[in-house]
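Okay, structure first, notes after.
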Amino acid sequence: MKRRIKLALSAFTKPPLAACAAPHIEVRPRPLPPRTLYIATGRTYRARNGARIGPLRPFRDEEDGHHKDRAGRSAWFYAEGIGPYDRFGHFLSGQAGESPLDCVGEWKPAQIFAFDQIPVEQPSRTSH
């Protein structure tokens with residue numbers, strides 16, 4: 025009985041031979057998938073080329089032309105002066121792939137500082 029217990033315990037204390045002989049494998053973290061952008065009407069977005077896109081409005085077949093491009097993508101939104109966009113924020117240029125007018129982030133206006141509202145310490149006056 026004691027012999028069986030010793031054999032069973034020795035199996036857990038010895039390193040497995042397969043682990044010793046195996047070459048070192050480098051584990052790299054997987055790249056994160058691109059963050060999905062929430063596209064909605066009335067919002068303004070930043071394009072790949074830095075342009076300001078928007079505000080977006082719903083696409084209207086009667087006013088904005090055909091709702092599909094040559095690549096087969098459907099138009100969901102329309103930006104005045106620029107053109108149609110699909111539901112993922114991709115510009116419908118008629119070609120598959122990336123466009124400089126694709127939406128990559130929500131546009132945030134520059135922060136405005138009111139200098140007259142910033143408290144400024146007055147220099148102390150010393151009389152001589």
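Mapping to my numbering: the sequence shown position 90 is 114, numbers consecutive. Just so you know, even glycine gets a beta-carbon here, dropped at the ideal spot from N, CA and C.
- Contact between the stretch 89-98 and the stretch 60-77 is absent: fewer than three C-beta pairs spanning the two stretches fall below 8 angstroms.
- L80 has its alpha-carbon roughly 5 angstroms from the corresponding atom of G66.
- Excluding its 5 nearest sequence neighbours in each direction, L116 has C-beta neighbours in its own chain below 7 angstroms: D93, R97, A99, G107, P108, Y109, D110, listed in chain order.
- In this structure, the alpha-carbon of T60 lies about 15 angstroms from that of E122.
- Shown here, E87 sits in a helix according to DSSP, grouped into three states.
- Distances from the alpha-carbon of G129 to those of I77, E50, G105 put I77 closest.
- Annotation: the continuous beta strand (DSSP E) that includes L80 extends over 80-82.
- Across the set D88, G118, H114, A120, the C-alpha of D88 shows the shortest separation from the C-alpha of G105.
- Each residue's CA atom was taken as its position, placing P124 and H48 some 43 angstroms apart.
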